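Novice:
2 protein chains.
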Amino acid sequence: MNVKPQATVTLAEVAEAAGVGESTVSRVLRNHGSFSQKTHDRVMAAVERLGYVPNRIAGALASAGSRLVAFVIPSLSNIVFPDVLRGAGGVLETSHYQSVFAVTDYDPGREEAMVAAMLAWRPSAVMLAGLEHSEGTAKMLRASGCRVVELLDLDGTALDLAVGFSNAAAARASAEFMLRRGYRRIGYVGHDLVRDTRAGKRFAAFCAALEAEGKPLVGREIHAGASSVEAGRLGLERLLARVPDLDAIYFSNDDMALGGYFHCMARGISIPSQLAIFGYNGLDMARVTPQPLSTIRTPRVAVGQVAAQLVLDDAPSQTIDLGFELIEGETA
Amino acid sequence: MNVKPQATVTLAEVAEAAGVGESTVSRVLRNHGSFSQKTHDRVMAAVERLGYVPNRIAGALASAGSRLVAFVIPSLSNIVFPDVLRGAGGVLETSHYQSVFAVTDYDPGREEAMVAAMLAWRPSAVMLAGLEHSEGTAKMLRASGCRVVELLDLDGTALDLAVGFSNAAAARASAEFMLRRGYRRIGYVGHDLVRDTRAGKRFAAFCAALEAEGKPLVGREIHAGASSVEAGRLGLERLLARVPDLDAIYFSNDDMALGGYFHCMARGISIPSQLAIFGYNGLDMARVTPQPLSTIRTPRVAVGQVAAQLVLDDAPSQTIDLGFELIEGETA
DNA sequence: CTGCATTTTGGCAGCGCTGCCAACAGGAAT
DNA sequence: ATTCCTGTTGGCAGCGCTGCCAAAATGCAG
Chain X
246 MNVKPQATVT LAEVAEAAGV GESTVSRVLR NHGSFSQKTH DRVMAAVERL
296 GYVPNRIAGA LASAGSRLVA FVIPSLSNIV FPDVLRGAGG VLETSHYQSV
346 FAVTDYDPGR EEAMVAAMLA WRPSAVMLAG LEHSEGTAKM LRASGCRVVE
396 LLDLDGTALD LAVGFSNAAA ARASAEFMLR RGYRRIGYVG HDLVRDTRAG
446 KRFAAFCAAL EAEGKPLVGR EIHAGASSVE AGRLGLERLL ARVPDLDAIY
496 FSNDDMALGG YFHCMARGIS IPSQLAIFGY NGLDMARVTP QPLSTIRTPR
546 VAVGQVAAQL VLDDAPSQTI DLGFELIEGE TA
Chain B
246 MNVKPQATVT LAEVAEAAGV GESTVSRVLR NHGSFSQKTH DRVMAAVERL
296 GYVPNRIAGA LASAGSRLVA FVIPSLSNIV FPDVLRGAGG VLETSHYQSV
346 FAVTDYDPGR EEAMVAAMLA WRPSAVMLAG LEHSEGTAKM LRASGCRVVE
396 LLDLDGTALD LAVGFSNAAA ARASAEFMLR RGYRRIGYVG HDLVRDTRAG
446 KRFAAFCAAL EAEGKPLVGR EIHAGASSVE AGRLGLERLL ARVPDLDAIY
496 FSNDDMALGG YFHCMARGIS IPSQLAIFGY NGLDMARVTP QPLSTIRTPR
546 VAVGQVAAQL VLDDAPSQTI DLGFELIEGE TA
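From first to last, the protein sequence lines are chains X and B. Quick note on the numbering used here: the first sequence kicks off at 246 and runs consecutively. Quick note on the numbering used here: the second sequence kicks off at 246 and runs consecutively.
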């Protein structure tokens, strides 16, 4: 009942209140080592009575293990990353790991700064999006000795662990699907693909696959900023103004594709007979539109889960391909 | 060039390498206190050469200031919370604060556990969603001595700082708008409003406002789980099956409303002449649908920004109302 | 009871950094 | 030259906890 007014309670105070040694309190609280039931009860009673909250900062310093996992992600607006965080968070939580994050806005320079800042917390692992990082980032990461997990991309070389799928393969599958459906005048509407390297890889692989079949991309419209539904809508409008006779559009992701879908609805362009639409990501929302979107479903939550589990298991360096699924939908 | 192979570099090693005292290195690195330019250069050179990364765990312990801000949020699937994180993260970053987060799934018991876990890191502030917390959560928070910011709800009593808007007022504004537009047989499609207390408050205030005008709610359909586009679509379908002659629907949020919107499109129900739709949140996407959604725009990113700024400024306890904006849209 | 194997327990030295304080080094003023 | 003052610098005691080790308590067979 009588909680100390201000001063933060320390383990030493709990020990004194319980009439035992500090290390005994520590053992009981971490349920590590051996102690009698009687001691356990006395300690817990004191903890309860004083309202003791362990100081993990001190604990981490003493044991050189922070149980912190750092996420350095490009964005929180793109649902992909919250999904990954969600998957990983669920797994980490059960082992009493905490998640720290920082957002890079797709900027390698900022990524480097954020990684440095995170490393200062001596995390158990750092999770990053993609395989492309600055020289400095890679160097710091290697020197840090902590686990590194690169997510959502397998088209390249990983530093340590990598969990994801091949963006290039997904794009090729999309291209083959669209050609198989008979589309011949295919356009692309995308967003900044220099900064979003995964979108860039998809675009490159998609174009290559079309060319391999002798049906090169007919037109493209690239929005300078981040992907969004609005950018997709505007992008399609602009592209159609320039190149009206397209029969299908490959979008850089589902957000963009939804924008295109809405544009067609607003303009009375019938899908897919007049214009087919194909996306990427497999957002939940895109399954519920009047016509389900044709797209690639990526296992984003699973990527987070598997990544977290690998870290918990202290697995050896490896690359895990979680694949993707082509959703035929009704828009292409 | 020659980075030590494994062992983590400490400040003491940097001090020795630079030929200065430890406290001097500390002062230079934190740019705090005075030192000569020459010393500064020598220290920075040593830092560079050894690849030193400060250990903030040790720093936090020694200075009793973690510069960590803890977010305990209900969900990452609902874009509302990533938006808040984004706003706060942007502001915190400039002051070298780090964000830690945990997800409660709208469960007060889990919230309590997560708050306890976060408090163990001695954060500078804890940010929570809403004003409803368990007895234990409130007690811990008060005893912790750290700043507490309750977000996105002002209808109740705050523990310390509160930043948001009144959900009740937003719901009343929605009701009045719908009545003014002439809708008379209004239904509600929502999600779990016991766990999502803010949605619950909106629902209650909305019903009260309708009743005050003698036009009580005609029907309701409540999905047991979290909000989603799919739940909105199914909810509307079910509600219309039971109560076909509605002329407008108030949805618990924009995700649900989009689901309803898609249902109408799929069934050829014309909006708003046959059925009007009104949402809540003002998602970007909802502005780009063929008809922009009628809804309430909430300043989610600003909530995060202001909350973070208050913490940085060590502002006195207060409540800040950031208001909301009614978007007339074309669906109601 | 004794001796020995276990189980419990407490003491204490750090973990790497910061805060405080005393100690200096140069000038400028006297 | 002496005194002061301002600007720099190093030493060292913790911050609160964990890991290690030795000491104490307990159990049990002989």
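Glycine residues also receive a C-beta, built at the ideal position from the N, C-alpha and C atoms. Computed from a prediction, not measured in an experiment: that's the story for all the values here.
Tell me the DSSP secondary structure of Q251(B) in three-state form.
Specialist: Since pLDDT at Q251(B) reaches only 49, below the 50 mark, its modelled position is unreliable, and the value read off the structure follows with that caveat. It is coil, neither helix nor strand.
Novice: Does the Cβ-Cβ distance between S539(X) and T576(X) come in under 7 Å?
Specialist: Result yes, Cβ atoms of S539(X) and T576(X) sit closer than 7 Å.
Novice: On the three-state DSSP scale, how would you describe D566(X)?
Specialist: Note: D566(X) maps to strand in three-state DSSP.
Novice: Assign K283(B) to one of two classes, buried (16 or more other C-beta atoms within 10 Å of its C-beta) or exposed (fewer than that).
Specialist: Looking at its Cβ environment, which holds fewer than 16 other Cβ atoms inside 10 Å, K283(B) is exposed.
Novice: Sort out for me which residues DSSP pairs E466(B) with in a bridge.
Specialist: BP columns for E466(B) point to V434(B).
Novice: Please check if any C-beta of chain X sits within less than 7 Å of the C-beta of L373(B).
Specialist: False, the Cβ-Cβ gap to chain X never drops below 7 Å.
Novice: Taking the runs of the beta strand (DSSP E) that are 3 residues or longer, which of them lie wholly in the segment 346–418 of chain X?
Specialist: Entirely contained in the segment 346–418 of chain X, the beta strand (DSSP E) runs reaching 3 residues are, in chain order, 370–374, 392–396 and 406–409.
Novice: In chain X, which residues lie with their C-beta within 9 Å of the C-beta of H510(B)?
Specialist: Reading off the sequence shown, one finds Met at residue 510(B), where the question assumed His. Residues of chain X passing the Cβ test: M510, T534 and P535.
Novice: For G409(B), count the other beta carbons within 10 Å of its own beta carbon; 16 or more makes it buried, fewer makes it exposed. Which is it?
Specialist: With 16 or more Cβ atoms within 10 Å of its Cβ, G409(B) is classed as buried.
Novice: Can you find a C-beta in chain X that's less than 7 Å from the C-beta of E267(B)?
Specialist: No, because no Cβ of chain X sits closer than 7 Å to the Cβ of E267(B).
Novice: Please return the same chain residues whose Cβ sits closer than 8 Å to the Cβ of V474(X), not counting the five positions on each side in sequence.
Specialist: Only D500, M501, L503, G504 and F507 meet the Cβ criterion.
Novice: Against chain B, with Cβ distances strictly below 7 Å, would M289(X) count as a contact?
Specialist: No, no contact with chain B.
Novice: List, from N- to C-terminal side, the alpha helix (DSSP H) runs of 4 residues or more that fit wholly inside the segment 450–528 of chain B.
Specialist: As far as the segment 450–528 of chain B is concerned, its whole alpha helix (DSSP H) runs of at least 4 residues are 474–487 and 499–512.
Novice: Do you know whose CA, among A416(B), A309(B), E482(B) and G334(B), lies nearest Q550(B)'s CA?
Specialist: Of the listed residues, the one whose Cα sits closest to Q550(B) is G334(B).
Novice: So, helix, strand or coil for Q343(B), using DSSP?
Specialist: Here Q343(B) sits in strand by DSSP.
Novice: Below 9 Å on C-beta distance, what does I514(B) contact in chain X?
Specialist: Simply none; closest approach about 11 Å.
Novice: For A242(B) and F346(B), what's the separation of their Cα atoms in angstroms?
Specialist: Residue 242(B) is absent from the model: chain B starts at 246 and stops at 577.
Novice: What beta strand (DSSP E) runs, 3 residues minimum, are completely inside the segment 266–352 of chain X?
Specialist: With a minimum length of 3 residues, the continuous beta strand (DSSP E) runs that stay inside the segment 266–352 of chain X are 313–318 and 343–348.
Novice: With distances taken between CB atoms, is the gap from A260(X) to G266(X) smaller than 7 Å?
Specialist: It is a contact, given that the beta carbons lie within the stated cut-off.
Novice: Tell me which residues share the same chain as N247(X) and place their Cβ nearer than 6 Å to its Cβ, disregarding the 5 neighbours each side in the sequence.
Specialist: Bear in mind that a pLDDT of 36 at N247(X), under 50, signals an unreliable position, so the number given afterwards is only what the model happens to contain. So the list is empty, once near-sequence residues are dropped.
Novice: Does the distance from the C-beta atom of V317(X) to that of M359(X) stay below 7 Å?
Specialist: Yes, they are a contact pair.
Novice: For a quick check, are the C-beta atoms of R545(B) and I572(B) less than 7 Å apart?
Specialist: Contact: no.
Novice: Hey, is R478(X)'s beta-carbon within less than 7 Å of any beta-carbon in chain B?
Specialist: Chain B contact via Cβ: present.
Novice: For D566(B), I'd like the list of residues in its chain whose CB is within less than 8 Å of its CB, leaving aside the five on either flank, ordered along the chain.
Specialist: Within the same chain, D566(B) has close Cβ partners L399, G409, F410 and S411.
Novice: Along chain X, in chain order, which residues have C-beta atoms closer than 7 Å to that of L330(B)?
Specialist: In chain order: L321.
Novice: Measure from the C-beta of L306(B) to each C-beta in chain X and report whether the shortest distance is under 7 Å.
Specialist: Interface residue, yes.
Novice: Where does T576(X) sit, in a helix, a strand or coil, going by DSSP?
Specialist: Correct three-state label for T576(X): coil.
Novice: Quick check: is the beta carbon of V348(B) nearer than 7 Å to any beta carbon in chain X?
Specialist: For V348(B), the answer is yes, since a Cβ of chain X falls inside 7 Å of its Cβ.
Novice: Alpha carbon to alpha carbon, how far is H285(B) from S279(B)?
Specialist: So the two alpha carbons sit approximately 10 Å from each other.
Novice: Would you identify the three-state DSSP class for R426(X), choosing helix, strand or coil?
Specialist: Here R426(X) sits in coil by DSSP.
Novice: Counting C-beta neighbours from all protein chains within 10 Å, is the total for V348(X) 16 or more, i.e. buried, or is it exposed?
Specialist: That one is buried.
Novice: Could you work out which residues of chain B lie near R301(X), taking near to mean beta carbons separated by less than 7 Å?
Specialist: Going along chain B in sequence order, the residues near R301(X) (Cβ under 7 Å) are A365 and W366.
Novice: Nearest by alpha-carbon distance to A413(B): which of Y433(B), G310(B) and A449(B) is it?
Specialist: Cα-wise, what sits closest to A413(B) is A449(B).
Novice: Pull out every residue of the segment 470–500 of chain X whose Cβ sits closer than 7 Å to any Cβ of chain B, in chain order.
Specialist: Flagged, chain order: S473, V474, E475 and R478.
Novice: Using a C-beta to C-beta distance shorter than 7 Å, which residues of chain B count as neighbours of F507(X)?
Specialist: Neighbours of F507(X) on chain B, chain order: V533, T534 and P535.
Novice: Would you say A413(X) faces chain B, with C-beta separation under 7 Å as the test?
Specialist: Output row for A413(X): interface = no.
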